[in-house]
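Structure record follows, encoded as structure tokens.
Numbering (this note's numbering), first residue to last: 1078 to 1234.
In structure tokens:
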């Protein structure tokens, strides 16, 4: 295993063991549920917007190491960003993990994701893509005030 892959694995394991922002926000402006019926992963995401900025974010729920790590890394990455920036980051992240196996993903695209680049390898395991994207779809639903539960089976991945 390369040093970079080992580092990525350590980042994922650390976020699973000690997830950031793993809490319900008592004062929130937006929220959404995300559910993967195939594996049972389920997360709720809460946001507190201050104008157009994500002032605070939290999540709770249960799932595999990939889904929990992705949710943790997502919350750390979008806190303090504008809604437009968070949506753009969602699109960038989603684009990388949805790149077909065998199609190259440039180092620049992965590096642009910062620590989220650690999750780029899930694209090599199609069954895990939904794990990595679950909380992101819930975030996107919360940002668009979609109050229904978001299912990985209705999301476009």
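Note that beta-carbon positions come from the ideal geometry of N, C-alpha and C, so glycine has one too.
Nearest Cα to residue 1115 within the set 1211, 1096, 1219: 1211.
Under the criterion of beta carbons closer than 8 Å, residue 1120 and residue 1138 qualify as touching, at roughly 4 Å. One alpha carbon belongs to residue 1156, the other to residue 1113, and they sit about 24 Å apart.
For residue 1182, there is no enclosing alpha helix (DSSP H), as DSSP gives it neither H nor E. If you look at residue 1142, you'll find it isn't in any beta strand (DSSP E); it sits in the alpha helix (DSSP H) that goes 1142-1155. For residue 1229, the number of other beta carbons within 10 angstroms of its own is at least 16, and it is reported as buried.
By alpha-carbon distance to residue 1186, the top candidate from 1171, 1132, 1124 is 1171. A distance of 7 Å or more separates the beta carbons of residue 1174 and residue 1215. Judged by DSSP secondary structure, residue 1199 falls outside any beta strand (DSSP E); it is assigned neither H nor E. In the assembly as shown, residue 1231 is an exposed residue. Its beta-carbon has fewer than 16 other beta-carbons within 10 Å. If you draw a straight line from the Cα of residue 1203 to the Cα of residue 1105, it comes to about 34 Å. In this structure, the straight-line span from the alpha carbon of residue 1165 to that of residue 1131 is close to 14 Å.
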